[in-house]
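**Q**
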Amino acid sequence: MQYRKFGRLDWEVSILGFGAMRLPVKGEAKNIDEKQATRMLHYAIEHGVNYVDTAYTYHDGESERFLGRALGRGRRDRIKLATKMPSWLVNDPADLDRLFHEQLKRLKSEHIDFYLLHNLNRDHWAKTKEFGGIQWGQRAVEAGKIGQLGFSFHDDFELFKEIVDAWDWPFCQIQYNYMDVRNQAGARGLKYAAAKGMAVIVMEPILGGRLVNPAPPIQKIWDRARRQRSAADWALRWVWNQAEVSLVLSGMSTYQQVVENIESAESAGIGVLDQQEQQLIREVRRRYKKLAPIPCTRCGYCMPCPHGVDIPHNLNLYNEGLMYGRPDLARRQYGFIKEKARSASCTQCRECEPKCPQSILISEWMPKITGVLAEGSPYPR
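Residue numbers for the sequence shown follow this note's numbering, so the first one is 1072 and each next one is one higher.
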C-alpha cells in the first residue's frame, strides 16, 4: 500500500480508503451480508488500508452498527474512522448532540477520528450556519470526541469556495472522477482546497459504478491502450495521478473488488500515467459525452425556472442514464430531487428556451424525462 500526507496534518493516509456505503447485502440495503463484508474489511486492513468511511444513513443506519462490530478485536486502533453528521436531519441545535451520541453508540467508540458535516449543498449549508454546526464541531474537537472536523460536498464551485473560506478546515470530501472535472467542486475545487493545505478526499472515483462496464464504443478506445487495464483501474489511476488528491474512497461491494483495488493502489501514483494514457482518457471522456442525446453544458443560463424546476440537473440525469447504460441509477437519483424541482413540474412556459446557448427545446425534453425517469418508460431508440 502507498501512503500520502493528509493535508497539513502530521499523519499519512493509505491512498485507498474503505467506503462502507455499498457493502454486500442480502436483499434489502439494511441487510448487510456481515460475513462477506467483514472478510472484505479485514482484508483491506491487513493490506494497509488505514481509513474507513461511513455515515449515519448508509445501509439505512446499519453500516455504522456493522463497523462497530467488525472493527473489534484490535482493528479499531489500526485505522482512522470517519463518519458524518446528516446535515439535513438537523432541525434544532440539540439534534447535533443527539445524532452524534447515537453514532458513537452504534460504532462502539469513544471518539471519531474524522467527522464530516455531510452532503453540504446550498440548503444544508444554510442550516449548518443557522444551527452552529461548525461551532458545535469545534467544541467536540476540544472535548476529545472528534479528532478533526471536515465536510463532504455536492453543489457548485462557488458554494464550495465559500464553505472552504468560512473556516480553517483540515480536510474535505468531494465527488471527482474523469467525467466530473467541471462538475460540482471539480478540478478547480480540488486545487483550491489543496492550495490551502487541506487534505482532499475523493468519493465516486468511478461515478457510482457507472464507469465500470463501458459500452462497446468506449471499450474500443480502452482496447487501444498499450497496457490493458480494467475500466475501474483506469478511473482510479486517473484520480491517484493528481498530487492534490490525498485519498480515494472506494465503496466496494465484493471481495474481488477489494483485492483488485488494492492491487491498483500498489502500483498507481502521482504522475504515473504518461501523456498517451492521459490522452486516451480524454478521448474516452469526449466519447462518453457524444453518447448524451441532450447537448446541455450545465451553464445554468436557463435558471432560475419560474416554477422551481432544476433544469440542468434533470437534463443531466437523463443523459447519464443513457451514456453509462444505467437508467436504474438515473431513476434513483431522480427520486432524490425535491418534487417541485423535477421535470414533472415543468409547465412548458418556454421562458428558459431563449436563454439556452445550445438552443435546447427544454419544454419538449421535460415530459420525455418524466416518462423515462419518473414513470419507468424505456429510453427512445
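For every residue, glycine included, the Cβ atom is placed at its ideal position computed from N, Cα and C.
Taking the alpha helix (DSSP H) that Thr1109 belongs to, which residues open and close that run?
**A** Counting along the chain, the alpha helix (DSSP H) containing Thr1109 begins and ends at 1105-1117.
**Q** Nearest to Leu1087 by alpha carbon, out of Pro1164, Asp1163, Ser1321?
**A** Ranking the options by Cα distance to Leu1087, first place goes to Ser1321.
**Q** Would you check if the region 1218-1235 and the region 1251-1270 touch, i.e. whether three or more CB-CB distances between them fall below 8 Å?
**A** Yes, they touch.
**Q** If we ignore side chains and look at the alpha-carbon of each, how far apart do Thr1368 and Pro1425 end up?
**A** If I take the Cα positions, the gap works out to 15 Å.
**Q** Under a Cβ-count criterion, where at least 16 other Cβ atoms within 10 Å of its own Cβ denotes burial, should Trp1458 be classed as buried or exposed?
**A** With the chain represented from 1072 up to 1452, any question about residue 1458 goes unanswered, as that position is not in the structure.
**Q** In the DSSP assignment, find the unbroken alpha helix (DSSP H) run with Gln1219 in it and report its ends.
**A** Counting along the chain, Gln1219 falls outside any alpha helix (DSSP H), though it belongs to the beta strand (DSSP E) covering 1217-1224.
**Q** On a CA-only basis, which of Ile1341, Gly1221, Arg1193 is nearest Gln1206? Give me that one, please.
**A** Checking every option, the nearest Cα to that of Gln1206 belongs to Gly1221.
**Q** Does DSSP put Ser1317 in a helix, in a strand, or in coil?
**A** In the structure shown, Ser1317 sits in coil (DSSP, three-state: anything other than H, G, I, E or B).
**Q** State the beta-bridge partners of Arg1075 as determined by DSSP.
**A** Answer by DSSP bridge pairing, in chain order: Val1084.
**Q** Taking only the alpha-carbon atoms, compute the straight-line gap between Ile1382 and Asn1390 and give it to the nearest angstrom.
**A** Between Ile1382 and Asn1390, the C-alpha separation is close to 13 Å.
**Q** Report the start-end ranges of each alpha helix (DSSP H) in the region 1313-1364 that is 4 residues or longer and not cut off at the edges.
**A** Qualifying alpha helix (DSSP H) stretches, in chain order: 1326-1338, 1346-1361.
**Q** If you draw a straight line from the alpha carbon of Met1323 to that of Ala1091, how long is it in whole angstroms?
**A** C-alpha separation (whole angstroms): 8 Å.
**Q** Output the distance between the C-alpha atoms of His1384 and Val1271, rounded to the nearest integer angstrom.
**A** Distance between the alpha carbons of His1384 and Val1271 is about 25 Å.
**Q** Relative to the C-alpha of Gln1073, which candidate in Val1120, Phe1137, Met1111 has its C-alpha closest?
**A** Measuring from the Cα of Gln1073, the nearest candidate turns out to be Val1120.
**Q** What separation, rounded to the nearest whole angstrom, lies between the Cα atoms of Asp1239 and Gly1279?
**A** Cα to Cα, the separation comes out at about 30 Å.
**Q** Rounded to the nearest angstrom, what separates Ser1460 and Leu1307 at their Cα positions?
**A** In the structure displayed, the chain extends from 1072 to 1452; residue 1460 sits before or after that span and is not available.
**Q** Evaluate Gln1299 with the Cβ neighbour count: other Cβ atoms within 10 Å of its Cβ, from every protein chain shown; 16 or more gives buried, anything less gives exposed.
**A** That one is exposed.
**Q** Whole angstroms is fine: what's the gap from Val1084's alpha carbon to Tyr1127's?
**A** When rounded, the distance between both Cα atoms is 23 Å.
**Q** Please specify which runs of the beta strand (DSSP E), each continuous and at least 3 residues long, are wholly inside the region 1117-1155, giving them in chain order.
**A** Whole beta strand (DSSP E) segments, 3+ residues: 1122-1124.
**Q** Just mark Pro1451 as buried or exposed, buried being the case when its beta carbon has 16 or more other beta carbons within 10 Å.
**A** Answer is exposed; the Cβ neighbour count stays below 16.
**Q** Give the straight-line distance between the Cα atoms of Lys1198 and Pro1164, rounded to the nearest whole angstrom.
**A** So the two alpha carbons sit approximately 10 Å from each other.
**Q** Flag this pair as touching only if the region 1157-1173 and the region 1096-1107 have three or more C-beta atom pairs under 8 Å; answer yes or no.
**A** Judged by Cβ distances under 8 Å, the region 1157-1173 makes no contact with the region 1096-1107, as fewer than three pairs qualify.
**Q** For Asn1284, which residues from the same chain have a beta carbon less than 8 Å from its beta carbon, with the 5 sequence-adjacent residues on both sides left out?
**A** Contacts found: Ala1302, Gly1396.
**Q** Identify the continuous beta strand (DSSP E) that holds Tyr1247 and give its terminal residues.
**A** Premise fails: Tyr1247 is in no beta strand (DSSP E) and is neither H nor E.
**Q** I believe Tyr1359 touches Pro1428 by the beta-carbon criterion, under 8 Å. Please report the beta-carbon distance rounded to the nearest angstrom.
**A** Actually they are not in contact, since the Cβ atoms of Tyr1359 and Pro1428 sit about 21 Å apart, beyond 8 Å.
**Q** Which same chain residues end up closer than 7 Å to Trp1436 when comparing Cβ atoms and leaving out the 5 residues on each side of it in sequence?
**A** For Trp1436, where only same-chain residues beyond five positions count, the Cβ hits under 7 Å are Ile1365, Leu1386.
**Q** If I measure Cβ to Cβ from Arg1149 and keep anything under 8 Å in the same chain, skipping five residues before and after, which residues do I get?
**A** So the list reads Ile1116, Asn1121, once near-sequence residues are dropped.
**Q** Closest by CA to Ala1211, which one among Leu1160, Leu1444, Leu1175, Glu1410?
**A** Considering only alpha carbons, the answer is Leu1175.
**Q** For a test of the three-state rule: what should DSSP assign to Asn1385, helix, strand or coil?
**A** Asn1385 falls in the helix class under three-state DSSP.
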